[in-house]
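*Asks:* Submitted below is the structure of interest, expressed as structure tokens.
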Amino acid sequence: MSSSLYHGDYDALRALLRAVRVAAGLTQEQMAQALNVGQSYVSKLERGENFVDVLLYARWCQACGVKPGVALDELLSVGRLENSSQQ
């Protein structure tokens with residue numbers, strides 16, 4: 016699997032994280048405060064200029080009141096992730 020920020024799987028993950036944030040009624044500034052980062056970091060993450068690591072993912076979900084496993088199940092169940100059987 017490609018490790019590029021622009022790989023389709025990262026696009027799907029970023030879209031999910033943005034949707035979760037918006038559904039929780041949080042602005043980028045509020046999310047940044049919850050994550051203890053700057054608003055520009057959240058913006059860059061949502062635009063694909065920063066990677067999402069597992070700890071940030073978990074904290075993001077927690078800030079939105081969503082269980083990380085539930086959000087990941089959503090990502091997998093709707094087929095957003097590309098078939099990565101070729102490793």
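Just so you know, we're using our numbering here: the sequence shown kicks off at 16 and counts up by one. Where a beta carbon is used, it is the ideal one built from N, C-alpha and C, also for glycine. Being a predicted model, the structure only gives us computed values, none of them experimental.
Apart from the five residues just before and just after CYS76, which ones in its own chain have a Cβ nearer than 7 Å to its Cβ?
*Replies:* If you number the sequence shown from 1, residue 76 lands on position 61. Correct list, in chain order: VAL35, LYS82, PRO83 and ALA86.
*Asks:* Helix, strand or coil: which one does DSSP assign to ALA39?
*Replies:* Mapped onto the sequence shown, residue 39 falls at position 24. Looking at ALA39 - three-state DSSP - the assignment turns out to be coil, as it is neither helix nor strand.
*Asks:* Hey, how far is the Cα of TYR110 from the Cα of GLU64?
*Replies:* In the structure displayed, the chain extends from 16 to 102; residue 110 sits before or after that span and is not available.
*Asks:* Confirm, please, whether the CB-CB distance from GLY53 to ALA47 is below 8 Å.
*Replies:* For the purposes of this step, residue 47 is identified with residue 32 of the sequence shown, where counting begins at 1. For the purposes of this step, residue 53 is identified with residue 38 of the sequence shown, where counting begins at 1. For ALA47 and GLY53, yes; Cβs fall inside 8 Å.
*Asks:* Go to ASP88, then tell me how far its alpha helix (DSSP H) extends in each direction, as first and last residue.
*Replies:* Against the sequence shown, residue 88 aligns to sequence position 73. From DSSP, the alpha helix (DSSP H) with ASP88 extends over 83 to 92.
*Asks:* Considering only residues of the same chain and omitting the five flanking positions on each side of GLY80, which have a CB-CB separation below 8 Å?
*Replies:* For the purposes of this step, residue 80 is taken as the residue at position 65 of the sequence shown. Only ALA39 meet the Cβ criterion.
*Asks:* Taking all protein chains shown into account, decide if LEU60 is buried (16 or more other Cβ within 10 angstroms of its Cβ) or exposed.
*Replies:* Numbered from its first residue, the sequence shown carries residue 60 at position 45. Classification of LEU60: buried, given that the 10 Å Cβ count is 16 or more.
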